[in-house]
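Residue 153 in this note's numbering is what sits at position 169 of the sequence shown, and the numbering runs on without skipping anything.
Notes follow once the structure below has been shown.
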Amino acid sequence: MLNSTVSTANSHNDDHHAASLKTSEYLAFRLGKEEYGIDIQLVQEIRGYESVTRIANAPEFMKGVMNLRGVIVPIIDLRIKFELGEPTYDSFTVVIILHIENTIVGIVVDSVSDVINLNETQIKPAPELGSTIDSSFLRGLAPLDQRMVILIDIALLMKTPDMGLQFGQK
């Protein structure tokens, strides 16, 4: 009788531990052959890619700006930013509109995969590699079945000086 009481108590503690793990939702998308994820709470909307107005002397990854219901939104192509080869624009190419600290910005990606729920134990630290992505922007890696999702701290990336974006105004 004592053993079943201990077993029940342990299983209750395991359930409580699992329930106490913080779960976060990430929007998964593709850039080239790799899959990336960003915090879905920063995503305002997902739109099909449409041409943008180019800004003179802007960095190559800054595709230009678009008018989104009266708001001028800078559009950044992450494929160019991460040096993933020459981007192609097709029916799967989308712009993810982000809302970061009162600033709206769009990122161009090859396609959106899905929304994934991850708890903190599923996110593994990213190894230090000679990657084109500065590892300070990586939240970690999430191995899921037959795929690996690279989690990016998109707010931190967008705030870097080379982006030239102003945050927190209004």
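Ideal Cβ positions, reconstructed from N, Cα and C, are used throughout, including at glycine.
Measure the CB-CB distance between residue i and residue j and report whether it falls below 9 angstroms.
{"i": "Val27", "j": "Val36", "result": "no"}
{"i": "Ile30", "j": "Tyr10", "result": "no"}
{"i": "Leu135", "j": "Leu62", "result": "no"}
{"i": "Glu18", "j": "Leu68", "result": "yes"}
Assuming residue i is part of the beta strand (DSSP E), what are its boundary residues?
{"i": "Phe126", "result": "For clarity, residue 126 is Ala in the given sequence; the question names Phe instead. Start and end: 122 to 128."}
{"i": "Phe13", "result": "7 to 15"}
Hey, quick one: how far does the alpha helix (DSSP H) through residue i stretch, first residue to last?
{"i": "Met46", "result": "Unbroken run through Met46 is the beta strand (DSSP E), 46 to 52; no alpha helix (DSSP H)."}
{"i": "Met142", "result": "138 to 142"}
Tell me which same chain residues have a C-beta within less than 7 angstroms of the C-beta of residue i, skipping the five on either side of it?
{"i": "Asp98", "result": "Ala12"}
{"i": "Ala110", "result": "Ser119, Leu122, Gly124, Leu125"}
{"i": "Tyr33", "result": "Tyr73, Thr77, Val78, Val79, Val92"}
By the three-class DSSP mapping on this structure, what secondary structure does residue i have?
{"i": "Gln25", "result": "helix"}
{"i": "Phe151", "result": "coil"}
{"i": "Pro145", "result": "helix"}
{"i": "Tyr33", "result": "coil"}
{"i": "Pro43", "result": "coil"}
Please list, in chain order, all residues of the same chain as residue i whose beta carbon is under 8 angstroms from its beta carbon, the five residues on each side excluded.
{"i": "Leu149", "result": "Pro58, Thr87, Val89, Met142, Lys143"}
{"i": "Ile56", "result": "Val49, Met50"}
{"i": "Pro43", "result": "Asp146, Gly148"}
{"i": "Phe151", "result": "Ile84, Glu85, Asn86, Thr87, Met142, Lys143"}
{"i": "Ile60", "result": "Phe45, Met46, Lys47, Val89, Gly90, Ile91, Val92, Met142, Met147"}
Whose C-beta lies closer than 6 angstroms to the C-beta of residue i among residues of the same chain, with five residues either side of it excluded?
{"i": "Thr7", "result": "Asn101, Asn103"}
{"i": "Ile194", "result": "The question about residue 194 has no answer, for the chain in this structure spans -15 to 154."}
{"i": "Gly21", "result": "Tyr10, Ala12, Val133, Leu135"}
### Query
Which whole runs of the beta strand (DSSP E) in the stretch 61 to 119 are 3 residues long or more, in chain order?
78 to 84, 87 to 93, 95 to 103
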